Amino acid sequence: MKKMNIVFLVLIAVVSAILISVYVGTVPSTTFGGAKENTGEDVRITGVLDKTMPIEYDPLANANLTKFHVVDSTGHSEKVFLHYEKGKPDGLEFSEKITLLGKFEEDGAFHANDIQMKCPSKYNDQKHSLETADVQNNPQ
Amino acid sequence: MSEIEYLNENALPGQLGNLFVVLSFVSALFATVAYFMSTKSNGINDIWKRPARFAFYVHGVSVIGVIGTLLYMLFNHMYEYKYVWEHLNNEMPMQYVFSCMWEGQEGSFLLWTFWHVILGVLLIRWSKSWEPWVMTIVALVEVFLASMLLGVYFGDFQFGSNPFLLNREAAVNVGLPWTLKANYLDLPTFQNGRGLNPLLQNYWMTIHPPTLFLGFASTLIPFAYAIAGLWKGDRSGWIKPAIPWAFFGVMILGTGILMGGAWAYEALGFGGFWAWDPVENASLVPWLTFVASAHLLVINQRKQTSVFSALVLTMSTFILVLYSTFLTRSGVLGDSSVHSFVDSGILAQLLVYLLVFTALSTYLLSASKAMRWFYGLLSLALFITAVVSVMSADETIANAEGALPGDGTIVPQLTLIFVVVSLVYMYLSYRKEYRVSVEQEEALWSREFWMFIGALVLTLSAIHVTVQTSVNVGNIFLAPFENAFAALHKSTGWEFAKRLSEHNFAAPAEKERFDAYHKVQIPLAFILFLIVAIGQFLKYRKTEFSYFIKKISLSLVLAFLVTITLGFFVSFESNSGPLYALVFSTFFALFANVDYAWRILKGKMDVIGASVAHMGFALLIIGAVISTSQSFFISENKVGNVKELSEDFDNTEDMLIYKGDTMVMGDYFVHFKDKYKSGNRLYCTIDYLKKQPKDYKQGEYVVVQGAIFRATRDHVAGDNFVKDWSGDSLWVQVTPAEADAHDTPDWTPGTPGEKLFTLEPTLLFAKDQTSREPSIKHFIGKDLYTYIKYTETEMKSDSAGYLDPKSGVIAYKTPVRLSETVTFSLDTLVRVDSLPEGLPKNVILKKGNAILTDGATTETLVIASVAMDNGTPLTFPVESKKFKMLLSIKEGADGKPELTMQQHSSAVKDMLILSAEVFPQINVLWLGCLIMVIGTTMAIRHRIKLAKKSNADVSVS
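Read top to bottom, the protein sequences are chains E and V.
Be aware that the first sequence starts at 392, since it is given in this note's numbering, and climbs by one per residue.
Be aware that the second sequence starts at 4, since it is given in this note's numbering, and climbs by one per residue.
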């Protein structure tokens, strides 16, 4: 058999292995309801910050723990205990969308150890409009 | 309605800018056509070359004109322009004005275009007979890039985004009341802009983007040569002139990426220079394929055995740059419903460009007319169908909540068909036109063969990073098949089919991201470095196996020894076997290349470039692996006693320090000297002092956490009392009868000595964001990386000045620490039967005496617990005058008192939670980068010399 054919076959095998590992390796997305059913299993939940509830952060007590509420896609609001070594995530208050990685533990609370936020970042700043410009600044 | 005369608006720069924008587009278009005509003449009687060059120069001048106008507007704070208003503000130091310029999308496209212009001018001078072909491609790319700035509308479809748009003209603002006011510029809103993202206000951000974009731009030249080669039907002639450019690009792009890493390390505030962030990955992937393609060009310059791979990788590199722009700019990465496909001008535009260049590259791979016709027509048909499908898209589906880009159209399906057709086309042209016979194949022990394998490993690495980064994009292509997957799940019960049908795969979040990338990238890097090590010792064509073994064994043995020795000194985590293997293979590559440059090439500066570059690459990875896997925190919370107010306390990586205090941290004493605000920054000044050893004599007494200990022999205090006590038995606990706790000093690991250096970590505020910037002390063997984890930026207090309350259950007659100095102790609560006036009759009142002390002074308070008959507590806070706090007690159902304390803001000292991390040997990484650049420069010089020499030879013969 030609060397190139062997190389080619190995290449195809490795590419397939990579594709499978990427897709199988991801943590399943669900909602708080789904996560509660599978207490103890790692899940990913996407939602928005519940702005009606306070963000609790007491750095003196634990600089790595932030407590806040997140509303998932079904509209369910759940208190989240985020254990994060970077402390309170920068820009949490302004986040447009939050993705949490964590699980419901035996205490019945949702504990997350990883967070990803979509913030108004440098590439979509343009979305900010000046809609309220004169309402705020020019009472006439 | 009459036209409004707007007051104080500087309309002229905008009009001038727009003129340049249009001119740059038109001239690029003209240059493309003229160069295309010039290719027809084949160098004979070429009447089109001069006008083509002229048009390209006009294009260059207009691009510089656009940039100049934009800079003029920025320097003059013309906030009537959207770009200026969004990226600049009055407070910002003007040295960052360039960063403002390329912060936005339009500015970064401009920067990219600018480098294409510079490289194009160099090509006009240097590419000789290749000029018409190569420059047609360069000019064509410029047409596309210039169109990104046009900002014109065709119906609903936005074509480009214009940096000279006035705020009042922006689509989001049109029709708002203020846009109809002639004096709208007097509004406070327009007196200041929104400013630059604070993270970008860093010197690395002034040089990182230009370098990176020069790297991106330089992928165009090998691409243009490859296209030109295929176009002319000369599949090998393009390789030689493309090689120096390819290595130049590899060097610049690599440097640009590492500058981004340096910025992340120095400005992003959380240790580490590489986070596998999508934006970082988007620049890494083209670099990986660029390196692979540059090496393939070297293999193929003499004997064209793998010219197909060289072509594909060279063209993919440029296409991947387009793809990375598409990924990071179109919003397709940010979760599902960023924008719908239909109105998002830039997404569609970028996708079209990406596909046009992919189609063009693929099309040219085959020389067969029939194949080309078939592929060309099919691509065109797919494109027209896609346009029709977008035009007639079902808006309700496309704009629905949670819709993916492309929902409501058949664009994903068409793209998928296009990709499959292109792959089949590539495979067919490879079989028919590029495949070499067994006799022509490289020998197993030849340098060519292993360089080829190395290029494939790099390609695999690039494929993995691309797929892993684009998981969200994959969802778009899974969406059309959701029913098929759902049916599959139903019939087979296969769980994974269900997840495919849900098509909501997400890119890994931060922590899992490292695992996801490392589990594939570390093994690939391990193999790659083995190849880098052995590659040099293999000769072109064929190598005697015994010769090879003899030469390589020295480096192999050395690498083993170093790796094993390293294993004794540094502790790798138990699961980091692959990482340890990588350390071995990088050392192997390092030694092999040093050895090769020294023993075989005798250190001749002319020829050792490649070896030096490989050494640099190996050092870079060694530095990266060691500094990240061996980093450790020296900040630990030594106060600890705040724990009594909360059970959540868990601060192993942070140190709580109050202003004015001096505490032990690692090998230092740190002194929190000052905290002050200046501009939009908050600084914390930390002095690092020398830790002088503390000698304890035998029989000396110390106090640790209330207990008394006696030294068993003379010794110098270690870092940690527990270790000295239980580990080394240097202390023995004694009864209070033996020594008086009051006169006994606390144990200390040392005493603060002279000041060594000062670090000033900062917090930055701008655009509704806070970000932390670390302060780094660089040593030769390590970096000490310090950042503010938390400090109060403003204290939230009520109108009387009291801060937020803190509560906790306490025990009777046990001192509780309330603040850094004050302790509180409560004796039993005694019921009071005669209620004072003013209290309702149905309550239970209990009274207790509380003692507050800071060690020096004491205050006694009478504290009351009041509850209704049914147990509902009422609170009556008492104020401690001396220690400035409000205290109240309520009794729980179990009878345990819960204390609530509110400190007065005036009594609170500035507090800082500090993180300090040591990155050992990080300088090896930067040194590796430097050596890599030097090596590559040497290699490029050598190539240019060779090329000149061979040209001279040709002209002589």
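Glycine is no exception: its CB is placed at the ideal position from the N, C-alpha and C atoms.
Computed from a prediction, not measured in an experiment: that's the story for all the values here.
Which class does residue i belong to by DSSP, given the choice of helix, strand or coil?
| i | result |
| --- | --- |
| Y815 of chain V | coil |
| N429 of chain E | coil |
| S774 of chain V | strand |
| E920 of chain V | strand |
| M668 of chain V | strand |
| G643 of chain V | Bear in mind that the predicted position of G643 of chain V carries a pLDDT of just 40, short of 50, making it too unreliable to give a figure here. |
| R713 of chain V | strand |
| Q161 of chain V | strand |
| W448 of chain V | coil |
| Q194 of chain V | helix |
| Q906 of chain V | strand |
| W734 of chain V | strand |
| Y84 of chain V | strand |
| E442 of chain V | helix |
| K372 of chain V | helix |
| G756 of chain V | strand |
| R1044 of chain V | A question about residue 1044 of chain V goes unanswered here, because the residues of chain V that appear run from 4 up to 960. |
| L299 of chain V | helix |
| R435 of chain E | strand |
| E763 of chain V | coil |
Please list, in chain order, all residues of the same chain as residue i whose beta carbon is under 8 Å from its beta carbon, the five residues on each side excluded.
| i | result |
| --- | --- |
| T258 of chain V | T214, G218, C932 and V936 |
| L949 of chain V | none |
Below 8 Å on C-beta distance, what does residue i contact in chain C?
| i | result |
| --- | --- |
| F219 of chain V | Protein chains in the displayed structure are E and V, and chain C is not among them. |
Which residue from the options puts its Cα closest to that of residue i?
| i | options | result |
| --- | --- | --- |
| I409 of chain E | V:A465, V:Y187 and V:L203 | V:A465 |
| N93 of chain V | V:K52, V:N195 and V:I70 | V:N195 |
| E487 of chain E | E:G438, E:F472, E:T465 and E:I506 | E:G438 |
| F635 of chain V | V:D670, V:F827 and V:K605 | V:D670 |
| V120 of chain V | V:A31, V:E134, V:K184 and V:D49 | V:A31 |
| I534 of chain V | V:L585, V:P212 and V:A910 | V:L585 |
| I397 of chain E | V:V819, V:L459 and V:L930 | V:L459 |
| T796 of chain V | V:T826, V:L915, V:I322 and V:Y815 | V:L915 |
| V470 of chain V | E:K394, E:K393, E:S412 and E:M395 | E:S412 |
| E476 of chain E | E:N455, E:V406 and E:S407 | E:N455 |
| H781 of chain V | V:M608, V:K235 and V:V927 | V:V927 |
Quick one: give me the first and last residue of the beta strand (DSSP E) that residue i is part of.
| i | result |
| --- | --- |
| H674 of chain V | Y671 to S681 |
| D657 of chain V | D657 to Y661 |
| Y475 of chain E | First-last for Y475 of chain E: undefined, no H or E at that position. |
With the cut-off set at 8 Å, would you say residue i and residue j are in Cβ contact?
| i | j | result |
| --- | --- | --- |
| F594 of chain V | L561 of chain V | yes |
| L557 of chain V | V628 of chain V | no |
| R502 of chain V | P419 of chain E | yes |
| S286 of chain V | G252 of chain V | no |
| T939 of chain V | M254 of chain V | yes |
| L473 of chain E | T457 of chain E | yes |
| F33 of chain V | L153 of chain V | no |
| H460 of chain E | G424 of chain E | no |
| S918 of chain V | D657 of chain V | yes |
| V667 of chain V | Y691 of chain V | no |
| L483 of chain E | R435 of chain E | no |
| T878 of chain V | S891 of chain V | yes |
| W279 of chain V | R602 of chain V | no |
So, at 6 Å on beta carbons, what are the nonlocal neighbours of residue i in its own chain, with the 5 sequence-adjacent residues on each side left out?
| i | result |
| --- | --- |
| Y805 of chain V | L889, Q905 and H907 |
| N11 of chain V | L188 |
| S649 of chain V | Annotation note: pLDDT 39 at S649 of chain V (below 50); position unreliable, no value reported. |
| L832 of chain V | K849, G851 and S868 |
| V100 of chain V | L77 |
Span of the alpha helix (DSSP H) holding residue i?
| i | result |
| --- | --- |
| R56 of chain V | K52 to F78 |
| L417 of chain V | V414 to S432 |
| P739 of chain V | Note, P739 of chain V: premise wrong, no alpha helix (DSSP H); not H, not E. |
| P212 of chain V | Y206 to S221 |
With a threshold of 7 Å on Cβ separation, who are the neighbours of residue i within its own chain once the five nearest residues in sequence on each side are excluded?
| i | result |
| --- | --- |
| S504 of chain V | E485, F488, A489 and H492 |
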